[in-house]
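Student:
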Amino acid sequence: MPRHDNEENRSVALYWDFENLHAGLIEAKFGEGYYSKPDNRFKVQEPLVDIQAIVELGASFGPIAINRAYCNWQYYGRYRDALLQCAVELIQLFPPGASAKNGADIKLCLDATEDIARFAHLGTVIIVGGDSDFMPVSQKIKAAGRTLIGVGTRKATNRHWAKSCHEFRYYESLFDDAAAPDSASDDGDTPATTPVPSPAAELLKRAVRLLSEANGEPWVNKGPVWHMIKRLDPTFDTKDHGYANFSDMVKGLDAIVEVRKGESDHVVRLR
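If you want it as structure tokens, here you go:
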């Protein structure tokens, strides 16, 4: 979705109905109805959600001010490291009965409504989940003049909810085919002829790709690329990777990006 200039510095609020997304991926893998069985639901869960991919999507719309996930976390300990690395605030919700819902969608909607009323700097609200229960809050968010982005799995997302958003991203579409989860080859070690991208190259590539997708154009201004890199990794320093500054880094990674003179700034695109 193209972004207006006055929206560039507005913040992002990211709300996760975490169990909803995880359950959608579980059922896509093992079949419809698999997760709803108590023996499969009330046990330690294997991590399937790529948390970083969704956080990076959020960062493409602006600096993330709220990153809050709702779940009964007692079964999701194996997500611990990924959640910590992405600075996700965890909201614990115990279901009131053995087969009852944990109420994540209700709590999420109440918090989102309260936050947009309190914080004028929030320009984009991202809700991760596919329930039709989010439709009422979508009206509140849009009425407040904020941009609403939805994220959910293809099979588990209610189409009416998806259409009530300004923009909806299916979780599966966040990945290139070569980088999708569970797509790694089982052939053994990587062949010696396969180049291994440097961390700086990978970060530059991700930043340009996210900005290009957000703006709907392959060429993006060079300046915002650096801001995007710092959103993706606040600890990143070009000097740690052998480059004196960002311009030096872009020149050194010309196999990754192409640069040309734009109207007011240099513009770059992925090769």
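Residue numbers (the numbering used here): 3 to 273. Using N, Cα and C, we set each Cβ at its ideal position, and we do this for glycine too.
Pick from I118, V210, Q76 and N69: whose alpha carbon is nearest that of A146?
Tutor: Numbered from its first residue, the sequence shown carries residue 146 at position 144. A146 has its Cα closest to that of I118, out of I118, V210, Q76 and N69.
Student: Under DSSP, the alpha helix (DSSP H) around C111 begins and ends at which residues?
Tutor: By 1-based counting over the sequence shown, the position of residue 111 is 109. Here the alpha helix (DSSP H) through C111 covers A106 to R120.
Student: For V130, which of F238, D250 and C73 has the nearest alpha-carbon?
Tutor: Here residue 130 corresponds to residue number 128 of the sequence shown, with the count starting at 1. Closest by alpha carbon: C73.
Student: In the DSSP output, which residue or residues are listed as bridge partners for V130?
Tutor: Along the sequence shown, one-based indexing puts residue 130 at 128. Answer is W18 and V153.
Student: If you follow the beta strand (DSSP E) that L85 is in, where does it begin and where does it stop?
Tutor: Here residue 85 corresponds to residue number 83 of the sequence shown, with the count starting at 1. Premise fails: L85 lies in the alpha helix (DSSP H), R82 to Q87, not in any beta strand (DSSP E).
Student: Report the residue ranges of all beta strand (DSSP E) runs contained in full by the segment 225-258; include only those spanning at least 3 residues, in chain order.
Tutor: Entirely contained in the segment 225-258, not one beta strand (DSSP E) run reaches 3 residues.
Student: Taking DSSP as the reference, what is the three-state secondary structure of F136?
Tutor: Counting from one through the sequence shown, the residue named residue 136 turns up at place 134. The answer is helix: DSSP assigns F136 an H, G or I state.
Student: Exposed or buried, what is G152 when buried is set at 16 or more other beta-carbons lying within 10 Å of its beta-carbon?
Tutor: Looking up residue 152 in the sequence shown gives position 150. Buried, since its Cβ has 16 or more Cβ neighbours within 10 Å.
Student: Could you give the DSSP three-state label for N69: helix, strand or coil?
Tutor: Here residue 69 corresponds to residue number 67 of the sequence shown, with the count starting at 1. N69 falls in the strand class under three-state DSSP.
Student: I need the DSSP call for R273, collapsed to helix, strand or coil.
Tutor: For this step, residue 273 is matched to residue 271 along the sequence shown. DSSP places R273 in coil when its eight states are reduced to three.
Student: Starting from E219, follow the beta strand (DSSP E) in both directions and report where the run begins and ends.
Tutor: As a working mapping, residue 219 is identified with position 217 in the sequence shown. Premise fails: E219 is in no beta strand (DSSP E) and is neither H nor E.
Student: Less than 7 Å separating the beta-carbons of A158 and G264?
Tutor: Taking the first residue of the sequence shown as 1, we reach residue 158 at position 156. Taking the first residue of the sequence shown as 1, we reach residue 264 at position 262. No.
Student: Let me know if Q87 comes out buried or exposed under the rule of 16 or more other beta-carbons within 10 Å of its beta-carbon.
Tutor: Along the sequence shown, one-based indexing puts residue 87 at 85. When all chains shown are included, Q87 counts as exposed.
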